[in-house]
Amino acid sequence: MTLSASAWAQTNPQPVSGNASEAQTQSSTTTSADAEKKPVKQLEQVVVTGSRIPRSDLEGPSPVTVITAADIDARGYRNAYDAISQATQNTGITTGQDFGSTFTPAASFVSLRGLGPNHTLVLVNGHRLAEYPVAYNGEVNAVNLANIPSESIERIEITDAGASAIYGSDAIAGVVNIILKQHYDGTDINVRAGGTQGGGGENQRLQLTQGISAGNLTGIAGLELNHVQPLMFGDRNLSASYTRGAIDPTTSVPSVASIRDPIGGGYFSPPNGACSALSGLMGGSVGLATSNDPNRPGTYCGSDRYYNDGTIGAGKRQASAFASLHYALNDHTSLYGDFLADDTKVTSTLIGPPSWGTSTVVGPFWDANTQQLENWQRTIAPDEGIGLSAYNRIYLERSWTASVGAKGNFGDSRWQYDANFTTSHYSSEQTRYRFLTDADSFFLGPQIGTQNVQGTPFPIYAPNLSRLYSPLSGQDYDSIAARSTSKNTSWTETASLVVNGPVLELPHGDLNIAAVAELGDQGFRNTPDARINQGYFWGTSSADDSRGTRRNQAVGVEFNAPILSSLILSGAARYDRFNFAGNSIGKATYNLGLEYRPIDGLLLRGSYATSFRAPDMNYIFSTQTLGYEPGQTDYYLCRQSNQPYGSCDQVFNINYSQSGNRNLKPEQARSFTYGVVWSPTRNIDFSVDYYHIAITNEVTDLSVDQLLRTDADCLEGKTLSGTPVDPQSTLCRDAISRVHRNPSNAVVNPGYVSMVDINPINAANEHTSGMDATANIRWGERYGHYDFKLDYTTVFNHKYEQFAGDPIQDDLSLAYQNEWRSKVSGTLSWRLDSWSATINGIRYGRIPLLDQSAYRSPYVLFNTSVGYQFNTQTSVSLIVNNIANRFPVDRTGGWPNYPSSTYDIYGRQWWIELDYHFGKKS
Numbered sequence: 001m002t003l004s005a006s007a008w009a010q011t012n013p014q015p016v017s018g019n020a021s022e023a024q025t026q027s028s029t030t031t032s033a034d035a036e037k038k039p040v041k042q043l044e045q046v047v048v049t050g051s052r053i054p055r056s057d058l059e060g061p062s063p064v065t066v067i068t069a070a071d072i073d074a075r076g077y078r079n080a081y082d083a084i085s086q087a088t089q090n091t092g093i094t095t096g097q098d099f100g101s102t103f104t105p106a107a108s109f110v111s112l113r114g115l116g117p118n119h120t121l122v123l124v125n126g127h128r129l130a131e132y133p134v135a136y137n138g139e140v141n142a143v144n145l146a147n148i149p150s151e152s153i154e155r156i157e158i159t160d161a162g163a164s165a166i167y168g169s170d171a172i173a174g175v176v177n178i179i180l181k182q183h184y185d186g187t188d189i190n191v192r193a194g195g196t197q198g199g200g201g202e203n204q205r206l207q208l209t210q211g212i213s214a215g216n217l218t219g220i221a222g223l224e225l226n227h228v229q230p231l232m233f234g235d236r237n238l239s240a241s242y243t244r245g246a247i248d249p250t251t252s253v254p255s256v257a258s259i260r261d262p263i264g265g266g267y268f269s270p271p272n273g274a275c276s277a278l279s280g281l282m283g284g285s286v287g288l289a290t291s292n293d294p295n296r297p298g299t300y301c302g303s304d305r306y307y308n309d310g311t312i313g314a315g316k317r318q319a320s321a322f323a324s325l326h327y328a329l330n331d332h333t334s335l336y337g338d339f340l341a342d343d344t345k346v347t348s349t350l351i352g353p354p355s356w357g358t359s360t361v362v363g364p365f366w367d368a369n370t371q372q373l374e375n376w377q378r379t380i381a382p383d384e385g386i387g388l389s390a391y392n393r394i395y396l397e398r399s400w401t402a403s404v405g406a407k408g409n410f411g412d413s414r415w416q417y418d419a420n421f422t423t424s425h426y427s428s429e430q431t432r433y434r435f436l437t438d439a440d441s442f443f444l445g446p447q448i449g450t451q452n453v454q455g456t457p458f459p460i461y462a463p464n465l466s467r468l469y470s471p472l473s474g475q476d477y478d479s480i481a482a483r484s485t486s487k488n489t490s491w492t493e494t495a496s497l498v499v500n501g502p503v504l505e506l507p508h509g510d511l512n513i514a515a516v517a518e519l520g521d522q523g524f525r526n527t528p529d530a531r532i533n534q535g536y537f538w539g540t541s542s543a544d545d546s547r548g549t550r551r552n553q554a555v556g557v558e559f560n561a562p563i564l565s566s567l568i569l570s571g572a573a574r575y576d577r578f579n580f581a582g583n584s585i586g587k588a589t590y591n592l593g594l595e596y597r598p599i600d601g602l603l604l605r606g607s608y609a610t611s612f613r614a615p616d617m618n619y620i621f622s623t624q625t626l627g628y629e630p631g632q633t634d635y636y637l638c639r640q641s642n643q644p645y646g647s648c649d650q651v652f653n654i655n656y657s658q659s660g661n662r663n664l665k666p667e668q669a670r671s672f673t674y675g676v677v678w679s680p681t682r683n684i685d686f687s688v689d690y691y692h693i694a695i696t697n698e699v700t701d702l703s704v705d706q707l708l709r710t711d712a713d714c715l716e717g718k719t720l721s722g723t724p725v726d727p728q729s730t731l732c733r734d735a736i737s738r739v740h741r742n743p744s745n746a747v748v749n750p751g752y753v754s755m756v757d758i759n760p761i762n763a764a765n766e767h768t769s770g771m772d773a774t775a776n777i778r779w780g781e782r783y784g785h786y787d788f789k790l791d792y793t794t795v796f797n798h799k800y801e802q803f804a805g806d807p808i809q810d811d812l813s814l815a816y817q818n819e820w821r822s823k824v825s826g827t828l829s830w831r832l833d834s835w836s837a838t839i840n841g842i843r844y845g846r847i848p849l850l851d852q853s854a855y856r857s858p859y860v861l862f863n864t865s866v867g868y869q870f871n872t873q874t875s876v877s878l879i880v881n882n883i884a885n886r887f888p889v890d891r892t893g894g895w896p897n898y899p900s901s902t903y904d905i906y907g908r909q910w911w912i913e914l915d916y917h918f919g920k921k922s
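Rendered as structure tokens:
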């Protein structure tokens, strides 16, 4: 919902009785009788995200959306990410724990306005958190929202405008401020358990909450324990078969063991009965398979259940704790401390099983037994070797944030201060199995010489076929693979002083100001397994430590001035300086806001802001890395062979070279909003706001996948959907120069990609605009109290220009769209005596089909919850998400037959929740 005087009232913190979420619901739903008893003019002043000046008019010059603890409970949200990702302003598509095998499967991020997770500033109680120590998609730094438990959250506030003049770097698309619970009465135990109708993903949660009150000391402490079973592709009929339902006639069963012709591209047939030795693997599904691809004819040993043990949703064991303490020294001063800690183990499997092949290291070889060039490939099934452990990637995530300070008034004056120090730390230890360098000799034996073929030398081996076509024992696997561990850390520390108060009495009210001074430092370190550089592991290139630190200083001022009784002018200015790697960069930002109330119940508003983002730490300090991206599609070769992208078999491990750039400059942005808020009665309010955000000097660092897509478009002279592309444009010249290919007359792999160069530069421009609309209606007496909320966001345009002078890329077009063009969320809540119920619906706008041939229809989900209060201590509730058990089917891209980077296929989920409170409830 959107913050409004008639819909939301948050006063200075006071102890609440009983369940904090229940109290929150009561404060956010106002009946007609309540409105008479508590007129808006009696509200105490509060600080709302986007400003440091307390105010009694809760609507300001730009909209603020609030997600309450009651919303989180009623909709079954597990953590901060679940809640924020459903906000309609979150139009961007990001991947995380519920989206299969991703670059950062232990973390989840949001992308307000579709501008990427690095352009949204995330705060807890107004203070910064350590960013996730591994860059999202290997590119940008952002805050992981999956490790902030729902139990700790009192509310979440989301601003819809740039706010660097208040908070500094990163606040371009908006600010997410997670407000933790501050006070509580008594002790509460909450137990929840649930699962999915289709199986997999079973989960349990225990929450313990304790109020603290001892003299001048008050506060709250809590513990949350979570356990989630992984959900596998094999748990859903839609994704349990690779070929079932395939619309591409060339779709073939994936290979488990094969020998290919490096020159002709086809398969050499396995010996008679060879596949029978492997037939017990992958659930008994391995057998002789025939390729349907005319470019790769032949037979091999394959399985239609090849991907069944990959994770759709990661498994998790999580323990989180939080505490908030306040000690009143006297009538004017209090000390406070907030603490948040999380310890999580995430288990995520590779989207496909581990696979060895000669194409990675050895390359094509001359087989002395068959007297021909060959490429061998062997996949390790989950029911051989050491089992599923060979698939698993284990992420041990530990984070903690401590914030201490003193706040109060200067004597009896109305001037207030808040002196704070916050330190936040994050560590991520990532473990996976890698093949050892001995893997080649295990399958091939020793090299016994070289053989010239058409003037090109190739190594000679005399391998034993039984190595390729026999199941591995546990001892076999241990001889060719071992665990590899990387350790990653990040931290941020900030000391700040904020003062605010009136400086001048104007005819229509006080001129209030706030001033802030900040000092901070930030750092990260990525430490790969040292054995990678010692040649211990197979198929790996050198990987050095990446580390860096930077310091920042900032000063800012903000004002709020009532020009007329109906007109308020506000503004802010701030200067930030960053010092890193011998460089010093500074950036000044400002904003202005207007609020005009011509009549009671009507607000016309607008804001203008400049914002910036300091260069991502990963972009600055990454050392030169040589590596390979597994499972990358060469889209140009797909186009050459007329294969759809989704089912194209031109998939390889592609080498890349990547390095940082210490000369990057800050990204700059301008944004403005204007809109109207109308409250015809105390129980009804509507708002409509337009937004526009433009970023210049944006850092661009294309992924290997995106470069290969652009390279294909440029070499073909058109996009996949047929839009013409100029091969001589700056964009095309850059992409083609980064993608290195073998000569077209090479004996082996002619035209194949040999290397892709990646490095970040300041070059891009991006802008987007759209509209947010909200409605809040409250009514009822005799048949209960009803609360209806409707939020709607639509994106009018989103343009991107990678280099100045290049054709403008329309990110809402069929070829480039990677966000929802619209989102609608509606909620109807009801309560009567001991009963309560909520139904929520969310509509995701259309996105392109996976083959980009057309748009898929909007996707709609409905969730519901029903609760019953047995007595003052005990309540129970049932929560069901995806009531209709819908799945976002899309077979145009082949397996897994749905857009896995956009939606999940959990299907219907349910939870039963029991809450018991020790102590009196009012």
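Each step along the sequence shown adds one to the number in full-length UniProt numbering, with nothing skipped, and position 693 is 693.
Where a beta carbon is used, it is the ideal one built from N, C-alpha and C, also for glycine.
Using a Cβ distance threshold of 8 Å, F103 and A142 do not count as a contacting pair. L849 is a Cβ neighbour of D890, given a cutoff of 8 Å. If you draw a 10 Å sphere on the C-beta of F796, you find fewer than 16 other C-beta atoms in it, and that means exposed. Residue state for E429 is assigned as strand, using DSSP reduced to three classes.
The Cβ atoms of A884 and F862 sit closer than 8 Å to each other.
Between F612 and G660, the gap from beta carbon to beta carbon reaches 8 Å or more. Of the candidates P615, D634, R639 and R682, P615 places its Cα closest to the Cα of L664. A746 is classed as exposed because its beta carbon has fewer than 16 other beta carbons within 10 Å across all chains shown. DSSP, reduced to helix, strand and coil, places V704 within a helical segment of the structure shown. With fewer than 16 other beta carbons inside 10 angstroms of its own, N272 counts as exposed. Here Q909 is actually not in contact with N871; their C-beta atoms are around 29 Å apart, not less than 8 Å. The criterion of a C-beta distance shorter than 8 Å is satisfied by F524 and T489. The alpha-carbon separation between A328 and D412 amounts to approximately 16 Å. S355 and Q377 have their C-alpha atoms roughly 7 Å apart.
The way I'd put it, the stretch 731-740 doesn't touch the stretch 771-781; fewer than three beta-carbon pairs between them come closer than 8 Å.
In the three-state reduction of the DSSP assignment, Q553 falls in the strand class. When the Cα atoms are used, Y575 and N591 turn out to be separated by approximately 12 Å. Look at C301 here: in three-state DSSP terms it is strand. Per DSSP, T209 is one residue of the beta strand (DSSP E) stretching across N203 to A214. Membership of F621 in the alpha helix (DSSP H) is indicated by the continuous run M617 to F621.
Each residue's CA atom was taken as its position, placing Y786 and T827 some 10 Å apart. Boundaries cannot be given for I263, as no beta strand (DSSP E) includes it and DSSP labels it neither H nor E.
In the DSSP annotation of this structure, the continuous segment of the alpha helix (DSSP H) that includes F443 starts and ends at A439 to L444. In terms of Cβ geometry, G60 and E819 do not form a close pair [threshold 8 Å]. A Cβ-Cβ distance of about 7 Å is found for the pair W415 and V499, placing them in contact under the 8 Å criterion. Secondary structure note for I166: its alpha helix (DSSP H) is the uninterrupted segment S164 to Y167. Taking 8 Å as the cut-off, the Cβ atoms of D383 and M232 do not count as close. In terms of CA proximity to H332, N216 leads the group N216, A193, G893 and R128.
In the three-state reduction of the DSSP assignment, R738 falls in the helix class, which pools H, G and I. Look at Y132 here: in three-state DSSP terms it is coil, with no helix or strand label. Excluding the 5 residues flanking it on each side, T723 has same chain C-beta neighbours closer than 7 Å at A815, in chain order. Of the candidates L708, Y608, T681 and I599, the residue whose Cα lies closest to the Cα of V651 is L708.
Our two residues, R821 and A854, have alpha carbons roughly 15 Å apart in a direct line. Across the structure, R205 and H227 are spaced so that their CA atoms are roughly 7 Å apart. Between the stretch 239-254 and the stretch 336-345 there are fewer than three C-beta pairs closer than 8 Å, too few to call the two in contact. In the DSSP assignment, S570 falls outside any alpha helix (DSSP H) and lies within the beta strand (DSSP E) extending over L567 to F580.
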